[in-house]
Amino acid sequence: MARIDVVMPQMGESIAEGTLSRWLKKVGDAIKRDEPIFEISTDKVDAEIPSPSAGVLAEILVTEGQTVPVQTVVARLETEAGAVATPAPAAAPAPAAAARVAAPAAAGAGGPPRSQSAPTPSAPSHPSHAAPSGAPQTNGGSFEERLRTKSSPLVRKIAAEHGIELTALQGSGVAGRVTKRDILQYLESGATTASVGLPPGARTGPSMHAPGGASPSGPAPEAWPGDRVEAMTKIRTLTSDHMVAARRTAAHVTSFFEIDLTRIARIRHRARAEFEAQTGQRLTYLPFVIKSVVDGLKAHPVLNAAVSGNNIIYRKQYNIGIAVALDWGLIVPVIKHADDLSLSGITKQLNDLADRARTKRLNPQDVQGATFSITNPGVFGSLMGTPIIPLGTSAILGLGAIEKRPKVMPGSEGEDTIAIRTCAYFSLSFDHRIVDGADADKFLADLKKALESYPDGGIV
Numbered sequence: 050m051a052r053i054d055v056v057m058p059q060m061g062e063s064i065a066e067g068t069l070s071r072w073l074k075k076v077g078d079a080i081k082r083d084e085p086i087f088e089i090s091t092d093k094v095d096a097e098i099p100s101p102s103a104g105v106l107a108e109i110l111v112t113e114g115q116t117v118p119v120q121t122v123v124a125r126l127e128t129e130a131g132a133v134a135t136p137a138p139a140a141a142p143a144p145a146a147a148a149r150v151a152a153p154a155a156a157g158a159g160g161p162p163r164s165q166s167a168p169t170p171s172a173p174s175h176p177s178h179a180a181p182s183g184a185p186q187t188n189g190g191s192f193e194e195r196l197r198t199k200s201s202p203l204v205r206k207i208a209a210e211h212g213i214e215l216t217a218l219q220g221s222g223v224a225g226r227v228t229k230r231d232i233l234q235y236l237e238s239g240a241t242t243a244s245v246g247l248p249p250g251a252r253t254g255p256s257m258h259a260p261g262g263a264s265p266s267g268p269a270p271e272a273w274p275g276d277r278v279e280a281m282t283k284i285r286t287l288t289s290d291h292m293v294a295a296r297r298t299a300a301h302v303t304s305f306f307e308i309d310l311t312r313i314a315r316i317r318h319r320a321r322a323e324f325e326a327q328t329g330q331r332l333t334y335l336p337f338v339i340k341s342v343v344d345g346l347k348a349h350p351v352l353n354a355a356v357s358g359n360n361i362i363y364r365k366q367y368n369i370g371i372a373v374a375l376d377w378g379l380i381v382p383v384i385k386h387a388d389d390l391s392l393s394g395i396t397k398q399l400n401d402l403a404d405r406a407r408t409k410r411l412n413p414q415d416v417q418g419a420t421f422s423i424t425n426p427g428v429f430g431s432l433m434g435t436p437i438i439p440l441g442t443s444a445i446l447g448l449g450a451i452e453k454r455p456k457v458m459p460g461s462e463g464e465d466t467i468a469i470r471t472c473a474y475f476s477l478s479f480d481h482r483i484v485d486g487a488d489a490d491k492f493l494a495d496l497k498k499a500l501e502s503y504p505d506g507g508i509v
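Heads up: the sequence shown runs through residues 50 to 509, numbered per our numbering.
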């Protein structure tokens with residue numbers, strides 16, 4: 050009778066821990082090899098984890114909502130198919146010295162709420178501004194360097210942009226790792242680089258967004274009788290943190306253009322059947338937009354750039370993030386090296402990423418490295434919007450609903466006529482720290498020209 054350990058997997062080089070968001074099996078269930086056994090959430094992606102072996106689920110060692118280091122044993126399988134498993138009591142996080150317990154989630158990442166009263170989330174504690182207690186005293190700062198290494202690239206980027214020394218913070222992650230929540234809470238507290246090392250509670254001044262003595266976010270709402278209270282899911286918490294940080298970091302401005310997609314609609318209508326027969330892929334408007342966007346980014350490189358302190362990084366790769374709305378949240382998989390792809394190649398990657406996002410089969414690498422993003426709220430009927438620029442990029446394009454509209458068009462002899470045209474509003478949110486309004490509008494003007502004069506034929 051043998052038992053197999055099931056461990057928290059390493060989902061990426063920079064990921065040191067994961068949250069077990071939902072068990073898909075219960076103690077005593079028979080499990081096939083590679084059958085999904087539980088779901089995890091990391092700071093990069095949600096995923097279903099397959100069983101390493103066939104057998105019976107004998108023990109569950111990590112409960113839903115717990116965050117544990119990678120390689121932590123979360124469950125054990127009994128490899129004899131006929132073995133009877135005895136349900137084990139809920140265990141403490143393993144190993145107890147290294148694991149931290151996240152606020153209990155009322156629902157898994159995408160699963161329905163459990164039939165129990167929602168727990169009241171405990172107030173998150175602000176990271177201490179002092180060096181970690183018990184940390185070895187070294188001249189070279191090797192322990193601090195390890196803390197820096199354990200922090201994610203996103204955390205290090207936020208710290209660099211705000212002049213924060215990560216080694217001066219005590220994080221809530223494994224071994225003192227500073228998490229996104231830690232650094233955002235530190236910024237929300239009104240602390241600045243000048244306050245690092247000050248006694249707890251010391252402030253350099255009031256928040257620029259709130260009156261003196263008020264919380265930067267205002268007083269927390271209280272539940273009223275009859276209200277339903279649920280803790281945020283992991284993906285909702287991560288989305289919240291990212292949106293707040295992104296909005297705080299970039300100087301957001303949005304421009305709008307109306308683009309006539311009648312020509313794209315005609316090309317798509319003529320080529321659709323042949324395209325889908327040859328490639329097996331459904332042809333939508335979005336691949337045409339992506340291909341034209343890449344051409345526009347080459348002509349306007351500041352839209353494909355990033356701010357790093359007082360430097361501008363002009364990216365040579367063209368990696369297009371595409372926002373995908375899921376039942377349980379939002380995720381942005383990335384089409385890598387989109388400039389090397391044909392229209393059919395873009396379509397194939399777009400459909401593959403969207404399908405894997407909806408079935409929780411994305412890898413962390415699939416959602417990293419975007420240099421420009423596109424969101425498409427028009428599929429839900431939205432005419433236009435002002436999307437938030439993702440951290441590490443300088444712009445995001447929003448696509449409004451594509452619909453037929455009456456437009457004034459020049460006739461054969463120069464007279465005005467009314468014609469029915471297929472149009473959509475495109476919005477470009479850009480970071481005004483490095484992108485001027487003229488740059489953004491020239492990009493949109495070139496995109497408009499490219500789509501309205503898209504070359505016919507040869508799209509396969």
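Built from N, CA and C at the ideal position, the CB exists for glycine as well.
query	result
Where Ala487 sits in the DSSP three-state scheme	helix
Beta-carbon spacing of Ile339, Leu399 below 9 Å	yes
Status (buried if at least 16 other CB within 10 Å, exposed otherwise) for Ala172	Because Ala172 sits at a pLDDT of 37, beneath the cut-off of 50, its placement in the model cannot be relied upon, and the point is left open.
Cβ distance (whole Å) where Pro382 is taken to contact Ala406 below 8 Å	5 Å
Burial state of Trp72, where buried means 16 or more other Cβ atoms lie within 10 Å	buried
According to DSSP, residues forming a beta bridge with Val383	Gly370
Buried/exposed call for Gln115, threshold 16 Cβ in 10 Å	buried
When His481, Asp465, Val373 are compared against Asp404, the one with the closest alpha-carbon	Val373
Sequence-distant residues of the same chain with beta carbon closer than 8 Å to Pro161, five excluded per side	Here the model assigns Pro161 a pLDDT of 34, short of 50, so the residue's position is not dependable and the matter cannot be decided.
Alpha carbon of Leu432 to alpha carbon of Val302, nearest angstrom	18 Å
Beta-carbon gap between Leu106 and Ile89 smaller than 9 Å	no
Reduced DSSP secondary structure (H/G/I, E/B, other) of Tyr503	coil
DSSP state of Leu105 mapped onto helix, strand, coil	Leu is not the amino acid found at residue 105; the sequence shown has Val there. Three-state result, Val105: strand.
Separation of Pro58 from Val122, as counted between CA atoms	10 Å
Touching by the beta-carbon criterion (3+ pairs, under 8 Å), the stretch 384-402 and the stretch 323-341	yes
Terminal residues of the alpha helix (DSSP H) in which Ser476 lies	Element bounds for Ser476: not the alpha helix (DSSP H) but the beta strand (DSSP E), 465-480.
Which of helix, strand or coil DSSP assigns to Pro270	coil
Cβ separation of Thr46 and Ile445, assumed to be a contact under 8 Å, to the nearest whole Å	Beyond the ends of the chain as shown, which are 50 and 509, falls residue 46; an answer cannot be given.
Same chain, Cβ closer than 6 Å to Thr68, neighbours up to 5 away in sequence not counted	Ser90, Thr116, Ala151, Lys283
Pro142 versus Ile369: straight-line alpha-carbon distance, rounded	At Pro142 the pLDDT is 38, less than 50, meaning the model places this residue with poor confidence; the figure from the coordinates comes in the next sentence. For Pro142 and Ile369, the distance between alpha carbons rounds to 38 Å.
Option nearest Tyr367 by Cα separation, candidates Val356, Pro504, Lys385	Lys385
Pair within 9 Å by beta-carbon distance, Thr471 and Thr311	yes
Candidates Leu218, Asp95, Ser341, Ile109: closest to His494 by CA position	Sequence inspection shows Ala at residue 494; the His mentioned does not correspond to that position. Answer by Cα proximity: Ser341.
As assigned by DSSP and simplified to three states, the class of Arg230	helix
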